[in-house]
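Set out below in structure tokens:
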């Protein structure tokens, strides 16, 4: 890890795998993911590339997250809030503070962007609602 990187590739892979283990078990968002992802090893590899690009500035990720998420019907703010809460629970278990802070910051911006895009795609005449920070900041604790 060089001084500009907040984390190593191994830490990125650990974050992604730990997070998706939580997603698999979650009764709210687990079924949404299960309905849309048929090849989990490929998806996890893509997510490691995405988070490596986001956290470390690597250029491995290729894809269009907005288009992929806009194809999913029936997603609500509650789903996005749960995603954020699970992500926060996962980052809080990581020892690397710089990574935790950067990943938390990015996850909130990413979720907000995807939620705006999802709303605009589904209801283009209505202004998008803002995700609340409460579930994210509480780390999923109700």
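Numbering (the numbering used here), first residue to last: 6 to 147.
Idealized CB from N, CA, C, for every residue including glycine.
Since residue i contacts residue j with CB under 8 Å, what's their CB separation in whole angstroms?
| i | j | result |
| --- | --- | --- |
| residue 35 | residue 71 | Wrong, their Cβ atoms sit about 22 Å apart, outside the cutoff. |
| residue 53 | residue 17 | 6 Å |
| residue 38 | residue 55 | Not confirmed; about 15 Å, so no contact. |
| residue 89 | residue 31 | 12 Å between Cβ atoms; not a contact. |
| residue 98 | residue 23 | 7 Å |
Examine chain B for any beta-carbon lying closer than 9 Å to the beta-carbon of residue i, and answer yes or no.
| i | result |
| --- | --- |
| residue 113 | Although the question refers to chain B, the structure presented lacks it and comprises just one protein chain. |
Taking the alpha helix (DSSP H) that residue i belongs to, which residues open and close that run?
| i | result |
| --- | --- |
| residue 20 | 14-30 |
| residue 35 | 35-41 |
| residue 92 | 82-97 |
| residue 50 | 45-61 |
| residue 70 | 70-75 |
Considering Cα atoms alone, identify which of the options is closest to residue i.
| i | options | result |
| --- | --- | --- |
| residue 85 | 48, 39, 43, 118 | 118 |
| residue 46 | 21, 61, 32, 31 | 21 |
| residue 26 | 106, 100, 110, 94 | 94 |
| residue 120 | 42, 77, 61, 82 | 82 |
| residue 15 | 60, 115, 30 | 60 |
| residue 40 | 63, 23, 69, 77 | 77 |
| residue 58 | 116, 125, 124, 11 | 11 |
| residue 115 | 102, 48, 69, 30 | 69 |
| residue 79 | 13, 126, 24, 23 | 126 |
| residue 74 | 110, 124, 62 | 124 |
On the CB-based measure, 16 or more other CB atoms within 10 Å of its CB, does residue i come out buried or exposed?
| i | result |
| --- | --- |
| residue 96 | buried |
| residue 87 | buried |
| residue 64 | exposed |
| residue 19 | buried |
| residue 108 | buried |
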